[in-house]
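So this is what it looks like as structure tokens:
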């Protein structure tokens, strides 16, 4: 499941848990830990996406240079 969906689900669960008398602090800690993990994963995915897009751009530019050189 994509990280952003997990984050939204966890935030919804956290919101419900805060309103519920059945919630304990352990559950909130688990949700917050998952939120932190998902946030880190999302940042890493964004960095990887940026690098891949940069590589695609550079490959396209190189192809254009090679076509012009022919």
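Numbering (the working numbering), first residue to last: 1 to 70.
Every residue, glycine too, gets a C-beta built ideally from N, C-alpha and C.
Residue 70 carries a coil assignment under DSSP once its states are collapsed to helix, strand and coil. Residue environment: residue 38 is assigned as buried (16 or more neighbouring CB atoms within 10 Å of its CB, all protein chains considered). Residue burial is scored here from C-beta neighbours: residue 56 has fewer than 16 other C-beta atoms within 10 angstroms and is therefore classed as exposed.
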